[in-house]
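> This is the structure, below, for whatever I ask next.
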Amino acid sequence: MVEFSDFIEDLELIDLPLEGGTHTWFRGDTNNVASRIDRILFTTEWSEQFSKMKQVALQRLTSDHVPIALHCGPWDLNKSYFKFENWWLNTEGFIDKIRSWWEFFCIYRKPDYILACKLKALKGKLKEWSKEEKGNLLLERSILLNKMATLDSIIDNRALTGEEAALKAITLLEYEELLENEETAWRQRSRILWLKEGDNNTKFFHNSANAHKRSNCIDQLEVQGETVKEPDKVKKEIIQFYKKLYTETERWRLAGNMINCPTVSPAEKVQLQAKFEEEVLSCLKKCAIDKSPGPDGYTMGFFIKCWEVLKHDIMNAFHNFYEHEIFERASMQHILH
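Quick note, my numbering runs 119 ahead of the 1-based positions in the sequence shown.
Shown next as structure tokens:
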């Protein structure tokens with residue numbers, strides 16, 4: 120058994136937890152001997168294609184072995200939502216690009232509405248940019264590998280010229296940068312914050328991200344004793360559950376006599392009511408940059424690294440709320456970070 124475990128580890132195979140049972144083999148009339156012998160193993164490459172895989176134990180009849188079904192999951196036809204990639208921040212000239220886009224947007228409304236509209240417009244620009252060479256890791260990898268293949272084919276026939284040798288050196292440096300960006304991207308998806316970037320943990324982050332995606336997948340629900348499997352019905356039941364959960368039934372409010380409560384001095388009042396900026400940035404920097412993005416798809420890393428570009432509009436939205444005590448509905452998804 121030790122050799123089998125070593126075999127799995129050496130080939131870096133993945134063994135998913137077995138759903139619907141613990142053992143796959145039984146012996147004896149009373150089934151007093153049981154073990155998990157049968158299992159489905161797969162590679163990381165297979166996991167990339169079927170991230171919602173699971174192995175399920177079926178009903179055992181006459182055999183000593185439990186049949187196992189491999190469910191690869193449905194094709195994900197859901198709309199692809201915007202998610203900011205933190206590795207974009209490492210791209211040369213990225214902050215300047217954000218600044219040029221941000222200053223180009225001209226919107227005249229309340230400050231919080233302006234902030235919401237600018238962030239929404241920026242998504243469109245980032246989506247377009249991400250389809251280009253430097254915003255798309257898969258495309259960049261393909262381009263760099265093609266360059267290397269071309270240079271390698273030249274080496275088979277003759278020595279490289281000085282210009283070609285310089286191109287190969289630059290391509291290798293760009294490929295190393297690509298690997299670092301891939302590690303950053305998969306670390307962000309994995310939600311693992313206790314390992315640092317730069318330690319060549321891309322494959323670990325990759326496997327963890329796929330495992331995270333599988334564990335978050337809800338393919339069926341039990342509602343009032345009945346199992347719901349259709350995706351549309353599952354979504355509907357989830358929405359209904361949370362609507363009911365957050366619907367208030369009581370109309371009373373806790374009341375208290377605040378007459379005898381101590382109050383702040385006039386000087387303290389002035390200090391508390393003074394405009395501020397440093398505290399906002401300080402709070403942002405205390406947040407992990409790789410935490411899950413907010414409903415708008417932006418990460419804390421984006422707001423921290425691009426603070427000098429965004430701070431004017433963000434602080435205007437804060438001051439507007441302080442004066443009027445209300446946020447525009449359009450800006451709510453950007454507040455829920």
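Note that the Cβ used here is the ideal one computed from N, Cα and C, for glycine as well.
Whole angstroms is fine: what's the gap from E341's alpha carbon to Q168's?
Across the structure, E341 and Q168 are spaced so that their CA atoms are roughly 28 Å apart.
> Return the first residue and the last residue of the alpha helix (DSSP H) that R218 is part of.
213 to 223
> Classify T303 as helix, strand or coil using the three-state DSSP reduction.
helix
> What residues are listed by DSSP as bridge partners for Q174?
L137, L189
> Would you mind stating whether K173 and E138 have Cβ atoms separated by less than 8 Å?
yes
> H142 by DSSP, collapsed to three states: which one?
coil
> To the nearest angstrom, report how far apart N376 and S384 are at their CA atoms.
Between N376 and S384, the alpha-carbon positions lie close to 20 Å from each other.
> Assign A285 to buried or exposed, taking buried as 16 or more other Cβ atoms, counted over all protein chains shown, within 10 Å of its Cβ.
exposed
> Taking all protein chains shown into account, do 16 or more other C-beta atoms lie within 10 angstroms of the C-beta of S88, making it buried, or fewer, making it exposed?
Since the first residue of the chain shown is 120 and the last is 456, residue 88 is not available in this structure.
> Quick one: give me the first and last residue of the beta strand (DSSP E) that A153 is part of.
152 to 154
> To the nearest angstrom, report how far apart Q178 and A374 are at their CA atoms.
Roughly 59 Å between the two C-alpha positions.
> So the alpha helix (DSSP H) E251 belongs to, where does it begin and stop?
Careful: E251 lies outside any alpha helix (DSSP H) and carries neither H nor E.
> So the beta strand (DSSP E) L340 belongs to, where does it begin and stop?
DSSP places L340 inside the beta strand (DSSP E), whose first and last residues are 340 to 342.
> Between the alpha carbons of F201 and D415, how many angstroms are there, rounded?
So the alpha carbons of these two residues sit roughly 8 Å apart.
> Could you pull out every residue in the same chain whose Cβ sits closer than 8 Å to the Cβ of L245, ignoring the five residues on either side in sequence?
F201, F203, W207, G254
> Mind checking who H443 pairs with in its DSSP beta bridge?
DSSP lists no partner for H443.
> Can you give the beta carbon distance from T210 to A176, rounded, assuming they're within the 8 Å contact cut?
So it is not a contact: roughly 47 Å between Cβ atoms.
> Just to confirm the assignment, what range does the alpha helix (DSSP H) spanning E122 have?
121 to 129
> So does K171 have its beta carbon nearer than 7 Å to some heavy atom of the ligand PLP?
No copy of the ligand PLP appears in this structure; indeed no ligand is present at all.
> Report the CB separation of K101 from I423 in whole angstroms; it is logged as a contact under 8 Å.
With the chain covering only 120 through 456, there is no way to say anything about residue 101.
> Return the first residue and the last residue of the alpha helix (DSSP H) that E387 is part of.
385 to 392
> Across which residues does DSSP place F161 in a beta bridge pair?
I133
> Is the CB-CB distance between D432 and L234 below 8 Å?
yes
> In angstroms with no decimal places, state the Cα-to-Cα distance between S272 and L135.
41 Å
> Which residues bound the alpha helix (DSSP H) around E356?
350 to 364
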